[in-house]
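Asker: Residue numbers (this note's numbering): 556 to 824.
1) Out of 570, 590, 694, 578, which has the shortest C-alpha to C-alpha gap to residue 564?
2) Between residue 753 and the rest of its own chain, which residues show a CB-CB distance below 6 Å, the 5 nearest in sequence each way excluded?
3) Here's the rule: buried if 16 or more other CB atoms are within 10 angstroms of the residue's CB, otherwise exposed. What is residue 715?
4) Only counting the same chain, and skipping five residues up and downstream in sequence, which positions put a Cβ closer than 7 Å to that of residue 628?
5) If I'm right that residue 723 touches residue 749 with Cβ under 8 Å, what's the distance once you round it to whole angstroms?
6) Kindly indicate which residue of 620, 741, 599, 607 has the alpha-carbon position closest to the one of residue 655.
7) Tell me whether residue 596 is buried or exposed, calling it buried when 16 or more other Cβ atoms sit within 10 Å of its Cβ.
8) Here's a check: name, in chain order, each residue in its chain whose Cβ is nearer than 7 Å to the Cβ of residue 620, leaving out the five neighbours to either side.
9) Which residues in the same chain have their Cβ closer than 6 Å to the Cβ of residue 719, if we skip the five residues on either side of it in sequence?
10) Do three or more CB pairs link the region 695-707 to the region 732-749 at distances below 8 Å?
11) In the DSSP assignment, the beta strand (DSSP E) including residue 632 goes from what residue to what residue?
12) To which residues of the same chain is residue 732 closer than 7 Å at the C-beta, ignoring the five residues directly before and after it?
13) According to DSSP, what are the bridge partners of residue 649?
14) Restricting to runs no shorter than 3 residues, where is the beta strand (DSSP E) found entirely within the region 727-772?
Here is the structure:
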């Protein structure tokens, strides 16, 4: 049994989790640190970086370093990767493309500029950062790339045309990296969160003045066989699996952690 459990250890590995100053990215980076990995993360502002570093230290993650980097800027990504490799004395073993945004705007009201910004951050950045780390992974004949996809990689919904387009594209980028670089013992998979309870979704879960659920909260709970929102902790085990040797023959897949939403047609009215 010990040999099986050792496959989940990340001891000696270096992970770079983009946009991991809070939320899902933070939970994944913290999990990796506690599984023995050295962890680099980035965000775009020093205030967020400093706050996150304090949180990591408070949560007992000692070997974590933060960097200011806009992952849509190819030069900044290359420079940041050089700093990470120099600071840790090794190349990146695990990349998690987590940085992302969403803009909820009806398609007919959305500007092309807003559409391009979502695509740039949610899809193009994953291409840029993956492209940067791949040569070293190819050289050492191993590596893990995990793209944070979404249920919107599979489904459409009103007001999220740009987000769904980006996440659908990210699913196909995942498959293509698998197809092109699997021969180098590089695994690229996606992690697809369902509706996760984070500070950003808190307003959608607040009780109404009469004590009833928020309408969107009721909708999500009714659509989820687990009958609850997910937590960031629910994503840690799957993220660890995809980063570890336990998933060495898993490639080009998207692991949906959604409480069963994608398998469920919904209750009969």
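For every residue, glycine included, the Cβ atom is placed at its ideal position computed from N, Cα and C.
Just so it is clear, the structure is predicted and the values come from calculations on it, not from any experiment.
Answerer: By the coordinates alone:
1) Per the Cα distances, 590.
2) Here the set comprises 578.
3) So residue 715 ends up on the buried side.
4) Closer than 7 Å at the Cβ level, and outside the excluded window around residue 628, lies no residue.
5) With 8 Å as the limit, residue 723 and residue 749 do not qualify as a contact, their Cβ atoms being about 16 Å apart.
6) Residue 599 is the option with its Cα nearest to residue 655.
7) Answer is buried; the Cβ neighbour count reaches 16.
8) The residues 595, 642, in chain order, have a CB closer than 7 Å to that of residue 620 in the same chain once the five nearest residues on each side in sequence are set aside.
9) Same-chain partners within the cutoff: 707, 711.
10) Yes, the region 695-707 touches the region 732-749.
11) For residue 632, no beta strand (DSSP E) encloses it; the enclosing alpha helix (DSSP H) starts and ends at 629-643.
12) Answer for residue 732: 685, 700, 743, listed in chain order.
13) In the DSSP secondary-structure assignment, residue 649 is bridged to 570, 699.
14) Taking only runs of at least 3 residues, the beta strand (DSSP E) segments lying wholly in the region 727-772 are 741-748.
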